[in-house]
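Participant: Under my numbering, the residues of the sequence shown are numbered 4 to 101, in order. We treat Cβ as the ideally placed atom computed from N, Cα and C, and that holds for glycine.
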Amino acid sequence: MSQKLTYEEITDLFDETFQEYKDKNLSNLEALAKTYEDLELIMSKGDLEKATVLIRYCELVLKQPYVFYKSKDYLLQYLNEIDYDSLEQELSSIQYQD
């Protein structure tokens, strides 16, 4: 059984994976899409993993000049599925606010 990743490890993994795709000359949106796909298995492990990946993804995708018009709706739907009370128990107050 694999060890559970921490908030910091998931964030670092997201950023490293995104940068690897950028280094391969993918656009920001292509790199974000590939990074999201690569981390879907991690997201399925629990609310902490799902929230960490989704929030990091949202931070970057919403900074793009052009985004699919339904993206905000989809992202809000996925974010609303997360149990934030359990996350607040699992994370330090600084991590939770981040």
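#1: Could you say which of Lys-66, Leu-35, Leu-51 lies nearest to Glu-12 if we only look at CA atoms?
#2: In angstroms with no decimal places, state the Cα-to-Cα distance between Ala-36 and Glu-23.
#3: Would a C-beta distance cut-off of 8 Å place Thr-38 and Phe-17 closer than the cut-off?
#4: Looking only at its own chain, which residues have a Cβ that is under 6 Å from the Cβ of Asp-76, when we skip the five neighbours before and after it?
#5: Please name the residue, chosen from Lys-7, Ile-58, Pro-68, that lies closest to Leu-32 on a Cα-to-Cα basis.
#6: Quick one: complete alpha helix (DSSP H) runs, 4+ long, within the stretch 10-96?
#7: What residues in its chain sit with their C-beta under 8 Å from that of Leu-57, if we drop five residues either side in the sequence?
#8: Which residue's Cα is closest to the Cα of Ser-89: Ser-74, Leu-42, Ala-54?
Facilitator: In this structure, then:
#1: For the purposes of this step, residue 12 is identified with residue 9 of the sequence shown, where counting begins at 1. Comparing Cα positions, the closest option is Leu-51.
#2: Here residue 36 refers to the residue found at position 33 when the sequence shown is read from its first residue. Here residue 23 refers to the residue found at position 20 when the sequence shown is read from its first residue. Cα-Cα distance, rounded: 13 Å.
#3: The residue labelled residue 38 in the question sits at position 35 within the sequence shown. The residue labelled residue 17 in the question sits at position 14 within the sequence shown. The answer is yes: Cβ separation under 8 Å.
#4: For the purposes of this step, residue 76 is taken as the residue at position 73 of the sequence shown. Correct list: empty, nothing qualifies.
#5: Residue 32 sits at position 29 when you count from the first residue of the sequence shown. That would be Pro-68, whose Cα lies nearest to the Cα of Leu-32.
#6: 10-26, 31-41, 43-46, 50-64, 74-83, 87-93
#7: The sequence position of residue 57 within the sequence shown is 54, counting from 1. Closer than 8 Å at Cβ, skipping near neighbours: Met-46, Leu-78, Tyr-81, Leu-82, Ile-85.
#8: Position 86 of the sequence shown holds residue 89. The shortest C-alpha separation from Ser-89 is found at Ala-54.
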